Structures are given as structure tokens and as C-alpha cells.
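Visitor: Per the numbering used here, the very first residue in the sequence shown carries number 8; after that it's consecutive. Backbone N, C-alpha and C define an ideal beta-carbon position, used for all residues, glycine too. Note that the structure is predicted; figures quoted are calculated from it, not measured. Encoded as C-alpha cells, here's the structure I'll be asking about.
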Amino acid sequence: YDEEFYKALGGYADYCITNLPWINPKTTMSQALLKAFNKAYPNDLFEMNIGFTFEAILIAADAAKRAGSTEPKALLEALPTTNITEHVMIGGPIVFDAKGQNGNTRSATIQNFGSKPMVVFPAEAAEAKAVFPVPGWQQRG
């Protein structure tokens, strides 16, 4: 899912599978984010850190709105009651436990097709069917 990986391996990168947190390509918010990203950066690959960064902004904006302030103390007091149901990454609502962790973050299985990472699992977020077993190296290059 890394641009350098695709550049270095070309067709050999196809069908590689990995499991990691990833954007849910089927939500309205993620589709809007992808559209805006692709318009602003047409030659760059959208990857998971963009989704996490976007969600960090959502969390900060939500906390500031609920706190009615951008003062650090007010923001810190607002964060534990965060409950964001509309977001871009795969998983449930963004909520924080007593240790400040979001236990609703889920992983996705992505597989590379044509130098593009695509969600193949979980089914509700899948944009392609997994290919397994994968074609041999001779059929990829």
C-alpha cells in the first residue's frame, strides 16, 4: 500500500495481501475525502495515515465544539466523552476508554490490484474479491 513499494515492484506487487487499519471506501464521508484528496493530489496514493489524520481533525473539532472552547483544559475534559459515529476508518464509533484508547478500531484486509490497494475484507467494506491462491510470479511481472 506504499507508493515506493509499487514503483519498485511494478506488477509483482499485485495480489500481495496485508492486514491493517484502513479507510472504509463505502461510507459517504470517506468517498468525499477520497474525491477531495484525488483532486488536490492526483499523482499521490491515498493511504491509511491520511484517514487517521482526517479522523484526528474530526476528534479535535468535535471536542472543541462540545467544550465551547479551544483551551487545552476544556479540550482534555471533552475528549473522554467523544462519540463520533460518522467517520472514515473501518470500525465502530470513535469512543475512548479509561486509558484513552479507541477500542472500536478494526483492521481490514487489503489486496493490491493494478498498483492500487483495495479492501477485500471485512465484507461490508469490501470493494473487490480476494484472489487466493494468487497467480505465480511468472504471471505477474
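Under a three-way DSSP split, which group does alanine 137 fall into?
Guide: Start at 1 with the first residue of the sequence shown, and residue 137 comes out as number 130. Here alanine 137 sits in coil by DSSP.
Visitor: What do you reckon, are the CB atoms on asparagine 119 and aspartate 21 nearer than 8 Å?
Guide: One-based indexing of the sequence shown puts residue 119 at position 112. One-based indexing of the sequence shown puts residue 21 at position 14. In contact: asparagine 119 and aspartate 21 (Cβ atoms closer than 8 Å).
Visitor: Tell me whether serine 37 sits in a helix, a strand or coil according to DSSP, three-state version.
Guide: One-based indexing of the sequence shown puts residue 37 at position 30. If DSSP states are grouped into helix, strand and coil, serine 37 belongs with the helices.
Visitor: Taking 8 Å as the cut-off, decide whether the C-beta atoms of phenylalanine 53 and leucine 41 are in contact.
Guide: As a working mapping, residue 53 is identified with position 46 in the sequence shown. As a working mapping, residue 41 is identified with position 34 in the sequence shown. Against a cut-off of 8 Å, the Cβ pair of leucine 41 and phenylalanine 53 comes out as a contact.
Visitor: Around the C-beta of proline 140, are 16 or more other C-beta atoms found within 10 angstroms, so that it is buried, or is it exposed?
Guide: Stepping through the sequence shown from its first residue, residue 140 is reached at position 133. It is exposed - the Cβ of proline 140 has fewer than 16 other Cβ atoms within 10 Å.
Visitor: Where does alanine 105 fall in DSSP's three states?
Guide: To locate residue 105, count along the sequence shown from 1; it is residue 98. Coil.
Visitor: For alanine 71, collect the residues of the same chain with a Cβ closer than 7 Å to its Cβ; drop the 5 residues on either side in sequence, then sort them by chain order.
Guide: Walking along the sequence shown from the start, residue 71 turns up at place 64. Once the five neighbours on either side are set aside, the close Cβ partners of alanine 71 are Thr77 and Leu82.
Visitor: Kindly indicate which three-state DSSP category isoleucine 97 falls into: helix, strand or coil?
Guide: Numbered from 1 along the sequence shown, position 90 holds the residue referred to as residue 97. Of the three classes helix, strand and coil, the one that applies to isoleucine 97 here is coil, per DSSP.
Visitor: Do isoleucine 66 and isoleucine 91 count as a contact pair if the criterion is CB distance below 8 Å?
Guide: Working through the sequence shown from its first residue, we reach residue 91 at position 84. Working through the sequence shown from its first residue, we reach residue 66 at position 59. It is a contact, given that the beta carbons lie within the stated cut-off.
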